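Note sheet for the following structure.
In this note's numbering, the protein residues as written are 6 to 326.
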């Protein structure tokens, strides 16, 4: 249980290391962070579980949700996803992760020296109407916006324990019409397994301000903690609490049921609820997901309703080598 105490200790250290502007955590100051696209979580499998994934983080998507999860990987994995958002926005994501001994002849476990991961995120918005300085019903043209983040991650299982630690370094590049901004951020995470349960704590987007002109906005820093429990071989449940610097405390719960249909074919059904998406419509906050796995290939789909804004549709493909 010392490793579990290390998870809690890491969270205390993270809280103590936060810069003074983060004192507004949980204040509900919505819209006061820059680089908001960093909040858009990629991949359909975690989305189908309402993003309650930090304490699961058992595949390449750990590069976003909890880099400590990379320490559990024993084979190389590659994933890509497309998210069709409301208002003609789309989020693209590609990631690869490989244990450092993946292709060596070493007799040691493939992840004995940890796992490296790399990911690219891109949010694009096109055909934004341009308006002049005078009131008019007709736009004078259109322009676009493109946001990129490049992430390098590393996860390691502490020798002799079931505790994993991980970190991610991110370069963030944003273009709005002719204006340009760049910033840097880091994620830190921990993941502890005890029998059929797991516990995770960490943070995302600790870094420099996003600045287009003389003024700048802080990044959407977030502290997370979560737990997961495997009720049976096929049934997984998870819970996550998120504390963003620019919003109130949020929670998410998710579940996944896996069913084998032979040696090579399997299917998954997922369901979850995330309070950050709650609104006046009946299905706001609810997420649904389906997955099909054949041999080393896995295709996943998720639907996330956003009420009057519309629905988000996520499609992912994951390949294990």
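Beta carbons are placed, not taken as given, at the ideal position from N, Cα and C, and that holds for glycine. Since the structure is predicted, the reported quantities are computational estimates derived from the model, not experimental observations.
Endpoints, alpha helix (DSSP H) assigned at residue i
i, result
"residue 49", "49–53"
Segment limits, beta strand (DSSP E) that includes residue i
i, result
"residue 68", "From DSSP, residue 68 is part of no beta strand (DSSP E) but of the alpha helix (DSSP H) over 67–70."
"residue 175", "168–181"
"residue 191", "184–199"
"residue 5", "The structure shown does not extend to residue 5, since the chain spans only 6 to 326, so no value can be given for it."
"residue 209", "202–212"
"residue 77", "Unbroken run through residue 77: none, as it is neither H nor E."
Which residues DSSP lists as bridging residue i, in chain order
i, result
"residue 94", "None, per the DSSP bridge assignment."
"residue 249", "227"
"residue 126", "98, 154"
"residue 234", "202, 242"
"residue 84", "100, 323"
"residue 120", "104, 160"
"residue 64", "None; residue 64 has no bridge partner."
"residue 270", "299"
"residue 215", "222"
"residue 89", "95, 318"
Rounded Cβ spacing between residue i and residue j (contact assumed at less than 8 Å)
i, j, result
"residue 100", "residue 120", "With a Cβ gap of about 12 Å, residue 100 and residue 120 do not count as contacting."
"residue 39", "residue 263", "Between residue 263 and residue 39 the Cβ distance is about 39 Å, and since that is not below 8 Å, they are no contact."
"residue 261", "residue 54", "6 Å"
"residue 197", "residue 204", "5 Å"
"residue 215", "residue 177", "7 Å"
"residue 98", "residue 48", "7 Å"
"residue 277", "residue 258", "6 Å"
"residue 123", "residue 156", "7 Å"
"residue 226", "residue 158", "The Cβ separation is near 18 Å, so there is no contact."
"residue 306", "residue 289", "No, residue 306 and residue 289 are not in contact; Cβ-Cβ is about 20 Å, not under 8 Å."
"residue 243", "residue 231", "7 Å"
"residue 69", "residue 46", "6 Å"
"residue 328", "residue 57", "This structure gives no information on residue 328, because the portion of the chain shown stretches from 6 to 326."
"residue 5", "residue 51", "Outside the displayed range of the chain (6 to 326) lies residue 5, so it cannot be described from this structure."
"residue 233", "residue 202", "7 Å"
"residue 320", "residue 86", "6 Å"
I'd like the ranges of any beta strand (DSSP E) spanning at least 3 consecutive residues and lying wholly in the region 276–326. Segments of the beta strand (DSSP E) lying fully in the region 276–326: 291–299, 302–310, 316–325.
Assess contact between the region 169–177 and the region 190–204, defined as three or more Cβ pairs (one per stretch) separated by less than 8 Å. Is contact present? yes
Below 8 Å, how does it come out for the region 77–94 and the region 308–325: are there three or more Cβ pairs, yes or no? When Cβ pairs closer than 8 Å are counted between the two stretches, the region 77–94 is seen to touch the region 308–325, the count reaching three or more.
Touch check for the region 108–120 and the region 226–245: three-plus C-beta pairs under 8 Å? Segments in contact, no.
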